[in-house]
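Protein chains in written order, with the working numbering: chain A, 564 to 676; chain B, 14 to 126. Where is the CB? At the ideal position from N, CA and C, for every residue including glycine.
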């Protein structure tokens with residue numbers, strides 16, 4: 564079992580729709596969860612982080628965390644073509660605290676005009 | 014502050030040759046990470062430094078890989094006797110203390126022929 568699992572996609576949504584990206588993780592000791600966005604040919608950049616169960620909103624983005632189910636998701640409201648990218652879920656290595664992040668394979672999002 | 018800088022951006026080498034990549038982190042960041050990313054995969058952790066100390070090295074990393082961070086500033090990643098399987102994007106990231114917000118460089122793409 565991979566430590567961080569994501570559906571590779573592509574997830575296709577029309578402009579203005581809500582995109583829902585999901586991630587599951589295996590390490591129950593993980594405490595911190597991150598969503599990075601990676602445009603094609605570019606490096607990852609952080610867009611959201613969440614530490615506590617529940618929802619965290621930042622503009623059009625909402626991160627949701629359920630530690631009991633070992634599940635974290637990212638919702639993108641009013642999706643724009645510029646949101647088309649690969650979204651990487653990252654989880655801190657629970658064995659070493661905040662020392663390093665373990666990334667999933669990423670979900671490719673395509674937003675059509 | 015110009016962000017994380019990596020050189021060279023591209024390197025093409027023949028199998029068996031040695032290559033070295035350099036990373037200049039954001040100046041006030043004391044943690045520096047090396048990740049490797051292949052097409053369709055998320056970044057894979059290689060190693061990280063806190064100041065000049067190398068605190069962890071991936072168990073998956075061959076002895077052909079070595080990294081240094083003299084004086085806690087820039088870092089180098091050397092791959093000896095390169096193999097075709099080493100072809101990947103090598104990403105450097107830096108952060109301050111134990112933050113999960115990693116600032117990535119643009120990466121160094123290695124092609125081993």
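**Report entry** beta strand (DSSP E) segment containing residue 577(A), residue limits
**Finding:** Taken as a continuous stretch (DSSP letters only), the beta strand (DSSP E) holding residue 577(A) covers 574 to 577.
Should residue 51(B) be labelled buried (16 or more other beta-carbon atoms within 10 Å of its own) or exposed?
Around the beta carbon of residue 51(B), fewer than 16 other beta carbons lie within 10 angstroms, which makes this residue exposed.
TODO: Put residue 70(B) into one of helix, strand or coil per three-state DSSP.
DONE: Note: residue 70(B) maps to strand in three-state DSSP.
| Expressed to the nearest angstrom, what Euclidean distance is found between the alpha-carbon atoms of residue 646(A) and residue 20(B)? | In a straight line, the C-alpha of residue 646(A) is about 29 Å away from that of residue 20(B).
message = For chain A, check one thing: does any of its Cβ atoms lie closer than 7 Å to the Cβ of residue 61(B)?
response = For residue 61(B), the answer is yes, since a Cβ of chain A falls inside 7 Å of its Cβ.
Judging by CA-CA distance, which residue of 633(A), 601(A), 614(A) and 595(A) is the nearest neighbour of residue 656(A)?
Distances from the CA of residue 656(A) to each of 633(A), 601(A), 614(A) and 595(A) were compared; the closest alpha carbon is that of 595(A).
| query | Taking the C-alpha atoms as reference points, what is the distance between residue 94(B) and residue 33(B)? | reply | Taking the CA atoms as reference points, residue 94(B) sits about 11 Å from residue 33(B).
DSSP three-state call for residue 55(B): helix, strand or coil? Residue 55(B): coil per DSSP, three-state reduction.
Stretch pair the segment 39 to 53 of chain B + the segment 98 to 111 of chain B: three plus CB contacts closer than 8 Å: Contact holds between the segment 39 to 53 of chain B and the segment 98 to 111 of chain B, because three or more Cβ pairs, one in each stretch, are under 8 Å apart.
Inset, instruction - Can you check DSSP and say which residues form a bridge with residue 581(A)? - result: Paired residue(s): none; residue 581(A) is not in a bridge.
Which of the three DSSP states is assigned to residue 617(A) in this structure? Note: residue 617(A) maps to strand in three-state DSSP.
>> Which residues in chain A have a C-beta closer than 7 Å to the C-beta of residue 45(B)? List them in chain order.
In response: Residues of chain A passing the Cβ test: none, with the nearest at roughly 12 Å.
Would DSSP call residue 24(B) helix, strand or coil? Note: residue 24(B) maps to strand in three-state DSSP.
Length of the line joining the Cα atoms of residue 64(B) and residue 44(B) | Rounded to the nearest angstrom, the two C-alpha atoms are 6 Å apart.
Indicate whether the contact test is met: 3 or more Cβ pairs, each with one atom in the segment 637 to 653 of chain A and one in the segment 71 to 87 of chain B, closer than 8 Å.
Under the Cβ criterion (8 Å, minimum of three pairs), the segment 637 to 653 of chain A does not count as touching the segment 71 to 87 of chain B.
Requested in this report: For the beta strand (DSSP E) containing residue 45(B), list its first residue and its last residue.
Outcome: The continuous beta strand (DSSP E) containing residue 45(B) extends over residues 44 to 50.
Using only alpha-carbon positions, find the residue among 112(B), 59(B), 22(B) and 110(B) that is nearest to residue 81(B). With distances taken between Cα atoms, residue 81(B) lies closest to 59(B).
Give the residues of chain B in contact with residue 663(A), contact being defined as C-beta atoms less than 8 Å apart.
Chain B residues near residue 663(A): 46, 58, 61 and 69.
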